[in-house]
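K.L.:
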Amino acid sequence: MKTIMLVDDSATMLMSIKSVLVKAGYGVETASHGKEALTKITGGLRPDLIISDVNMPQMDGITFTREVRKTAGMRFTPILMLTTESEAGKRAEGKAAGATGWLVKPVQSDQLLGVIKQVVPGA
Amino acid sequence: MPLTLRDNTATITGTLTVEEVEPLAGWLRSTDRPRVNLRGCTHLHTGALQLLLFFRPTVVSRPLDPFLSTHIMPLLGKRNKELEASS
Amino acid sequence: MNPLLAQFLAEADDLLSQVDEGLLRLEREPHDADLVNEVFRAAHTIKGSSGLFDFPELTRLTHAAEDLLDAVRGGRLELDATMTDDLLAAFDLMRGWLAHVTTTERLPSSANADGAVLIGRLRAPLGGQDSPAPAGHGPQAAPAPAATAPQWVGALGEEWLETTASWLEATSASLRFVRYTPEEDCYFRGEDPLHLLRQVPAAERFVPVTPAAWPQAAEYDEYACLLSFVLATRAATGELEYLFRYVPEQVEIADLGATALTRLLAGEAAAVAEAGIRLGDAEQAQDARALLEAALHVLSALPQEAAARAARVSSVERAVQSVARALGRDVEFPAHDAESVEAAARALLAALETAVVAEEAVPAPAEETVRSLAPAGPAEETAPAALHPADGAADGGKVGSRTLKVEQEKVDRLMELVGELNVAKNALTFLAASAEEEFGNRILGRRIKDQYAGMHRIAEELQAAVMDVRMLPLSVAFARFPRLVRDLGRKLGKSVELVTDGEDTMADKDVIEALGDPLVHLVRNSLDHGVEAPRVRVEAGKEATATIRLTAVSDGDAVVIEVADDGAGVDPERVKRKAYEKGLITEEQLETLPEAEAVNLLFLPGFSTAETVSDVSGRGVGMDAVKASVERLGGTVTMRSERGAGTVVRLRLPLSMAVTQVMVFSVAGQRFGVPVDAVVETVRVPAGEIGRVLRQEVIQLRGEVVPVVDLAGTLRMPWSPAGATRDVLVMWVGGQKVGLLVERFHREVDVILKPMEGLLADHPAFSGTALLGDGLVLLVLNMKEVLGVAAHAA
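Protein chains in written order, with my numbering: chain A, 3 to 125; chain B, 9 to 95; chain C, 6 to 799.
Written out as structure tokens, the structure is:
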């Protein structure tokens, strides 16, 4: 089973995406900001995909992405940034930091599952 | 395990991820006349494909996966037509 | 309610409080970048989540607020008081909407109109424009295939190209050709180009292209992607743009028909550089297309009047020119008329549709490509990030607090279970007694008692733990005051600074909640009656800005909260005179009451000292109401005031409300209570069945003889039971069953027991008093003592 890590400071967003992923048969780990997520990763969690919000307290998604890329075993893991319509600039910034792509909020469930299949081989 | 490394044959099954690129590279570097069995391979990471194109091991079994079989195999098999036929 | 919506409502509530608090602090520290960012983020999160539900008005309103905050964050706007007012009003409106959603799951019908008003106000400082609606993309005409093919198409192989060309010729069809050149370090962004390419729909042919020169085996880096890929597909350009949307700058797409392929095969190197546009960003291309189509639309319906027509044409010309610039091309208009503008727009559109590579022959430096294609505002976009680059380093290693939100009912349920556990536990003592007495087994009796002692300890700890869950910091009660003080201050024309201290003092949730209204009243009083107008303060030699101080400290099992102001203080003479005028004190008291005690008159029902009744605090609810509600919580209120120096009101409340469940009944018209724990059952027996053993009245209860105590008689209250039946409350007291003759049963209530005061303070028959919801004082019996008194009397 593929494990997906969700990072968002909005519990609503976590809940909505998690329910779609769980229903689709993915294992889901959540964190409410970059720092918490990073702690889980340095603690040994190795998700097959990370979906992270950009704008978060403690550690934003861009910094988080940069940090993840420094972690052994996480250098090649796909990372998708959760962005809003107006955050086009953040997408480029995220890619420069090592993100694979992005999702646009609010995320439609079939679109979400499609993107996961697109970026995670074997998903 | 997607990657099984024996004396001179590597067998790739299922999805070969980027994490297996390094061991495969090490094996290809250190193996004389390496042979690769792709029969059960459904996908290989771009890095692994590039390794096969660079080190040109003998591909001993055509993949069942239609994409690999149609589009990738012709390239890998270019110099190994006779072996491909015997597999 | 759908759990997701419930989650959203709870979250939005938290975020709205954050926004409020942040905005108020921001007004004082307008240049605190972290603060702006925090408020922006909260608004942003609400907006993002609101999109999950069908609340378009909410999304629009948060969007407008977010845009304004973004402008502040980006330094384009200076936050002023009016903007803060508007923002606060917007978030207030949202709060109202969400309350409506909580009950009806939809926004109020007025949402659209109300929202529009605020959106207008929020957008005014930004130039008054609503954010432009995304230009509609008209029906996309099938683009004409490009006339020439880029060189890289050759990678697909001459043989295949020939076959394909003749087939395309026969069918007048075209294919899309893609070249994908992944960046060397693409694996480090989690990309797997081959995996992406597998997903190209309807691929006719796919060829990985190896580098012209491989590195030496020793230098071969397995993590550097050196391959590129060329493919042909029947999929539409739009599908391909979508698939490659994360790597648009690495992808070139060309729509080619038989002619282009034939020319390529004939060795006609692509002369596409003139017409070609490199596909940078699928979105950018779409935007450009929409703009150009809009331009053509405008040109097709030009006004007749010459001046208007010229103005329209020139504005379209500017638009077309800017599109051209964004696409990295120059356009020249032979004449500044409609025809030449239209021709230029059409040319650009055609070029866009083919979207083929421009630099095949002369590769441009990468930087240049980036520059010409980069969206207009990258600098702006990166600026906000720079505001919090040190987030990670700043608060070393602190991981988000692991808190759990639990519904109140669940905690209450736990509390109930703890109560039930206590009752069940208490049954063990009876069991121990009967083991000893009925079965003569002392050892078993003692073991049961030991067991009881252990359970008792656990039950007590459990109770304490559950009580602890209910503890909240006082900051919850204080949270509304910064806003209240600001708004009232502005309304009254007084300048007031609110200082809070001890917000992290903990108290029971019920105490915190019940504190809300009394505190609001006290703070309003301070603002309205205590704090003077700035001019008056300056004349009195004080600072123009007054200070209201909210302080909380814990003191044993109580929490002490003070509301202090440095205002005018209470005038004891005026208070006394007023009390006298209102008939609250006698003429003698008017003369003799010491000044220090005069302030206490304020707590008398129906007192108001303000000369004019303002709409701030003069609503007929006086300090007496504050006193009553604090006392209902088992607390006390005291006031100190010094003329000219200010007033301090001190509330002392129990840290937790030790809630006791009490069975209420009446005897001789007076209500009494006994703890429910002690109640076994209530029975109604025919009057004739009450017998007498020795001098004690008894009833037979399922073969058991139970003594019955006449409470009225014991307490010497004039009452004798009438009617054919008797109501008896059967209780366990001191290890035996006892009946209490009762006039009438009422219900069970939860009360907070207070120790007895005044005349009855030393009366052993009562364990305490409690204030009932209707304001009556309930006397709670100490049954052991009641029995003693009864036995004594008998």
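Glycine included, every Cβ here is placed at the ideal spot set by N, Cα and C.
Might you give, ordered along the chain, the residues of its own chain that have their beta carbon closer than 6 Å to the beta carbon of R184/C, omitting 5 neighbours on each side?
P.N.:
For the purposes of this step, residue 184/C is taken as residue 179 along the third sequence, with counting starting at 1. Excluding residues within five positions, the ones whose Cβ falls inside 6 Å are W157, V235 and E257.
K.L.:
Let me make sure I understand the geometry here. Which of T665/C, P599/C, P213/C and T641/C has the alpha-carbon closest to that of A56/B?
P.N.:
Walking along the second sequence from the start, residue 56/B turns up at place 48. With distances taken between Cα atoms, A56/B lies closest to P213/C.
K.L.:
Skipping 5 residues on each side, what residues in its chain have a beta carbon closer than 7 Å to that of A324/C?
P.N.:
For the purposes of this step, residue 324/C is identified with residue 319 of the third sequence, where counting begins at 1. Correct list, in chain order: L296 and A300.
K.L.:
Just checking: is the beta-carbon of L201/C within a distance shorter than 8 Å of some beta-carbon in chain A?
P.N.:
What you label residue 201/C is simply residue 196 of the third sequence in a count that begins at 1. Chain A contact via Cβ: present.
K.L.:
Look up D560/C in the DSSP assignment and say whether it is helix, strand or coil.
P.N.:
As a working note, residue 560/C is residue 555 in the third sequence. Here D560/C sits in strand by DSSP.
K.L.:
Considering only the alpha carbon of each residue, which of L520/C, R579/C and E502/C lies closest to E548/C?
P.N.:
Counting from one through the third sequence, the residue named residue 548/C turns up at place 543. Cα-wise, what sits closest to E548/C is E502/C.
K.L.:
Can you tell me whether D570/C is buried or exposed? The criterion is at least 16 other CB atoms within 10 Å of its CB, across all chains shown.
P.N.:
On the third sequence, residue 570/C is found 565 positions in, with the first residue counted as 1. By the neighbour-count rule (16 or more Cβ atoms within 10 Å), D570/C is buried.
K.L.:
Starting from K587/C, trace the beta strand (DSSP E) both ways and give me its first and last residue.
P.N.:
By 1-based counting over the third sequence, the position of residue 587/C is 582. Premise fails: K587/C is in no beta strand (DSSP E) and is neither H nor E.
K.L.:
Should W219/C go down as buried or exposed, given a rule of 16 or more other Cβ atoms within 10 Å for buried?
P.N.:
On the third sequence, residue 219/C is found 214 positions in, with the first residue counted as 1. Per the 10 Å Cβ criterion, exposed.
K.L.:
Just the Cα atoms here: how many angstroms apart are V44/B and P65/B?
P.N.:
Counting from one through the second sequence, the residue named residue 44/B turns up at place 36. Counting from one through the second sequence, the residue named residue 65/B turns up at place 57. Approximately 6 Å between the Cα atoms of the pair.
K.L.:
Taking 7 Å as the limit between beta carbons, can you name the residues of its chain near G625/C, skipping five residues before and five after?
P.N.:
On the third sequence, position 620 is the one that residue 625/C refers to. With a pLDDT of 42 at G625/C, under the threshold of 50, the modelled position of this residue cannot be trusted; read the value that follows with caution. If we look at G625/C and ignore the five residues flanking it on each side, it has no Cβ neighbours.
K.L.:
When burial is assigned at 16 or more other CB atoms within 10 Å of the CB, is P117/C buried or exposed?
P.N.:
Within the third sequence, residue 117/C is the residue found at index 112, counting from 1. Looking at the sequence shown, residue 117/C is not Pro but Asn. Flag for N117/C reads exposed.
K.L.:
So if I threshold CB-CB distances at 8 Å, which residues from the stretch 95-125 of chain A count as touching chain B?
P.N.:
Taking 8 Å as the Cβ-Cβ cut-off against chain B, the residues of the stretch 95-125 of chain A that qualify are P123 and G124.
K.L.:
Which term fits V543/C, buried or exposed, when burial requires 16 or more other beta carbons within 10 angstroms of its beta carbon?
P.N.:
Counting from 1 along the third sequence, the entry for residue 543/C is found at position 538. Classification of V543/C: exposed, given that the 10 Å Cβ count is below 16.
K.L.:
Do we get a CB-CB distance below 8 Å when we pair G48/B with the residues of chain C?
P.N.:
Residue 48/B sits at position 40 when you count from the first residue of the second sequence. Cβ-Cβ to chain C under 8 Å: no for G48/B.
K.L.:
For E163/C, tell me which candidate among G651/C, E537/C, R268/C and L74/C has the shortest Cα-Cα distance.
P.N.:
Here residue 163/C refers to the residue found at position 158 when the third sequence is read from its first residue. Of G651/C, E537/C, R268/C and L74/C, the residue nearest in Cα terms is R268/C.
K.L.:
Check whether the Cβ atoms of S671/C and R749/C sit closer than 8 Å, and answer yes or no.
P.N.:
By 1-based counting over the third sequence, the position of residue 671/C is 666. By 1-based counting over the third sequence, the position of residue 749/C is 744. Yes, these two residues count as a Cβ contact at 8 Å.
K.L.:
Between the beta-carbon of L353/C and the beta-carbon of V328/C, is there less than 8 Å?
P.N.:
Taking the first residue of the third sequence as position 1, residue 353/C is located at position 348. Taking the first residue of the third sequence as position 1, residue 328/C is located at position 323. Contact: yes.
K.L.:
For N42/C, which option in L73/C, E16/C and F13/C has the closest C-alpha, if you only look at C-alpha atoms?
P.N.:
Numbered from 1 along the third sequence, position 37 holds the residue referred to as residue 42/C. It is L73/C whose Cα lies nearest to the Cα of N42/C.
K.L.:
Under 8 Å: do the stretch 98-107 of chain A and the stretch 192-206 of chain C share three or more Cβ pairs, one atom per stretch?
P.N.:
Yes, since at least three Cβ pairs between the stretch 98-107 of chain A and the stretch 192-206 of chain C fall closer than 8 Å, the two stretches touch.
K.L.:
Taking R126/C as the reference, which of G744/C, A356/C, N7/C and T87/C has the closest Cα?
P.N.:
Residue 126/C sits at position 121 when you count from the first residue of the third sequence. Of the listed residues, the one whose Cα sits closest to R126/C is T87/C.
K.L.:
Starting from P659/C, trace the beta strand (DSSP E) both ways and give me its first and last residue.
P.N.:
Residue 659/C sits at position 654 when you count from the first residue of the third sequence. That run of the beta strand (DSSP E) goes G651 to P659.
K.L.:
Let me make sure I understand the geometry here. Which of V565/C, D25/C, L555/C and E465/C has the alpha-carbon closest to that of A512/C?
P.N.:
Here residue 512/C refers to the residue found at position 507 when the third sequence is read from its first residue. Of the listed residues, the one whose Cα sits closest to A512/C is V565/C.
K.L.:
What residues of chain C sit near T86/A, judged by a beta carbon separation below 8 Å?
P.N.:
Within the first sequence, numbered from 1, the residue matching residue 86/A stands at position 84. In chain order: H49, K52 and G53.
K.L.:
If I measure Cβ to Cβ from Y28/A and keep anything under 6 Å in the same chain, skipping five residues before and after, which residues do I get?
P.N.:
Start at 1 with the first residue of the first sequence, and residue 28/A comes out as number 26. Excluding sequence neighbours, Y28/A sits near K4 and I6.
K.L.:
Return yes when the Cβ of A207/C is within less than 8 Å of the Cβ of A240/C, no when it is not.
P.N.:
Reading the third sequence from its first residue, position 235 is the one you call residue 240/C. Reading the third sequence from its first residue, position 202 is the one you call residue 207/C. Taking 8 Å as the Cβ cut-off, A240/C and A207/C qualify as a contacting pair.
K.L.:
Identify each residue in the stretch 15-44 of chain B for which the Cβ-Cβ distance to at least one residue of chain A is less than 8 Å, and report them in chain order.
P.N.:
From the stretch 15-44 of chain B, only G22, T23, T25, V26 and E27 have a Cβ closer than 8 Å to chain A.
K.L.:
Residues of chain C with CB closer than 7 Å to the CB of T44/A, please, in chain order.
P.N.:
Looking up residue 44/A in the first sequence gives position 42. In chain order: nothing, as chain C lies at least about 11 Å away.
K.L.:
Cβ closer than 7 Å: which chain B residues qualify as neighbours of F211/C?
P.N.:
Here residue 211/C refers to the residue found at position 206 of the third sequence. Here the neighbours are H79.
K.L.:
Which residue from P74/B, F75/B and L60/B puts its Cα closest to that of V68/B?
P.N.:
Looking up residue 68/B in the second sequence gives position 60. That would be L60/B, whose Cα lies nearest to the Cα of V68/B.
K.L.:
State yes or no: is the beta carbon of E227/C nearer than 8 Å to at least one beta carbon in chain B?
P.N.:
To locate residue 227/C, count along the third sequence from 1; it is residue 222. Cβ-Cβ to chain B under 8 Å: yes for E227/C.
K.L.:
Can you give me the Cβ contacts of G572/C inside the same chain, cut-off strictly under 8 Å, excluding the 5 residues immediately before and after it?
P.N.:
For the purposes of this step, residue 572/C is identified with residue 567 of the third sequence, where counting begins at 1. Closer than 8 Å at Cβ, skipping near neighbours: S531, H534, G535, V536, E537, A551, G651 and T652.
K.L.:
Between which two residues does the alpha helix (DSSP H) carrying A469/C extend?
P.N.:
Your numbering for residue 469/C matches position 464 in the third sequence. Taken as a continuous stretch (DSSP letters only), the alpha helix (DSSP H) holding A469/C covers R447 to V474.
K.L.:
Need the endpoints of the beta strand (DSSP E) that H36/C sits in, please.
P.N.:
Looking up residue 36/C in the third sequence gives position 31. No beta strand (DSSP E) holds H36/C; DSSP gives it neither H nor E.
K.L.:
What ranges does the beta strand (DSSP E) occupy inside the stretch 175-207 of chain C, keeping only unbroken runs of at least 3 residues that lie completely in it?
P.N.:
The qualifying runs are 179-185.
K.L.:
Does the Cβ of F193/C lie closer than 7 Å to at least one heavy atom of the ligand PLP?
P.N.:
The ligand PLP is not part of the structure shown, which contains no ligands of any sort.
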